[in-house]
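S.K.: The working numbering puts the first residue of the sequence shown at 22, with every later residue one more than the last.
Ideal placement from N, C-alpha and C gives every residue a C-beta, glycine not left out.
I'd like to ask you about the structure that follows.
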Amino acid sequence: MLLSTPIDYRLPEDKNAEMVLRTIQDRERSFERTYTTDLYMMFSDKMEDEITSTNELKHEWIDKAIKRLKKRNFIDRIQDEKDRRRVELRTRSEEIYTHMIKRDPMLFWKLIEKGHFYFIVRFRNSGGNVICPECGRRRPLIADITGNRAARYVVNDDLHIDVTIRHLAIRFDCGCGYSYSDEVDMFDPLTVEDFSRLHDAADNRRNPV
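Structure representation (structure tokens):
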């Protein structure tokens with residue numbers, strides 16, 4: 022899937038934030054929206070029909086985790102246009118993977134092996150160097166965008182996403198003799214349409230008023 026994230030997010034320095042982040046990630050993988058109230062329900066022992074007030078669901082540690090994640094630019098908070106009390110949470114995969122690669126340099130190659138490249142531009146702009154898988158030395162990564170084109174990604178019969186596809190030329194050369202080069206088409210996450218509008222449009226097509 023276009024928006025899937027191949028490697029689970031890891032934030033070992035903050036277990037509560039990691040739990041929240043992984044929950045949002047799992048819902049995004051199935052193309053579902055995540056609201057703060059969803060997290061309250063998910064981490065609550067109470068059944069939905071037992072709830073008489075939203076105050077019963079409040080979890081201070083969830084609020085603190087969301088605040089930390091937002092401060093680190095790992096998630097976006099988007100207010101629901103129909104219900105201003107509901108705030109949707111979405112991950113910023115490029116930011117998270119760039120952070121993870123700095124802690125686990127070989128993750129760069131694991132993502133490449135799985136055919137995921139959309140994090141590379143953000144990683145390059147952060148000034149991150151790549152560790153050679155052969156000798157372990159750090160070397161700069163060359164990644165140039167050589168072209169753009171519009172594309173339509175079909176999610177299912179009722180839903181499609183219009184995005185911008187960037188043609189990316191990647192090259193990595195190490196003094197030990199190891200080299201890697203490839204040219205790939207990757208989508209620009211910033212051009213993905215709003216989840217809420219996509220869902221609403223799909224619902225309207227399936228259930229016309």
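Can you tell me where the beta strand (DSSP E) with HIS137 in it begins and where it stops?
M.R.: Element bounds for HIS137: n/a, residue is neither H nor E.
S.K.: From what residue to what residue does the beta strand (DSSP E) around GLU204 run?
M.R.: From DSSP, the beta strand (DSSP E) with GLU204 extends over 200-208.
S.K.: Flag this pair as yes or no: are the beta carbons of TRP130 and PRO154 separated by less than 8 Å?
M.R.: Going by C-beta atoms, TRP130 is nearer than 8 Å to PRO154.
S.K.: Rounded to the nearest angstrom, what separates GLY149 and LYS67 at their Cα positions?
M.R.: Going from the Cα of GLY149 to the Cα of LYS67 covers about 45 Å.
S.K.: Whole beta strand (DSSP E) runs in the stretch 40-104 with 3 or more residues, listed along the chain?
M.R.: Listed in chain order, the complete beta strand (DSSP E) runs (minimum 3 residues) inside the stretch 40-104 are 96-100.
S.K.: Hey, is SER51's beta-carbon within less than 8 Å of any beta-carbon in chain B?
M.R.: Reference to chain B is not applicable here, since this structure consists of a single protein chain.
S.K.: Note down, in chain order, each residue of its chain lying with its Cβ closer than 6 Å to the Cβ of ASP224, except the 5 sequence neighbours on either side.
M.R.: Its pLDDT being 47, under 50, ASP224 is placed unreliably by the model, and the measurement read from it follows with that caveat. Cβ within range, chain order: n/a, list empty.
S.K.: If THR58 and LEU78 are in contact, beta carbons under 8 Å, what's the gap, nearest whole angstrom?
M.R.: 7 Å between Cβ atoms; contact.
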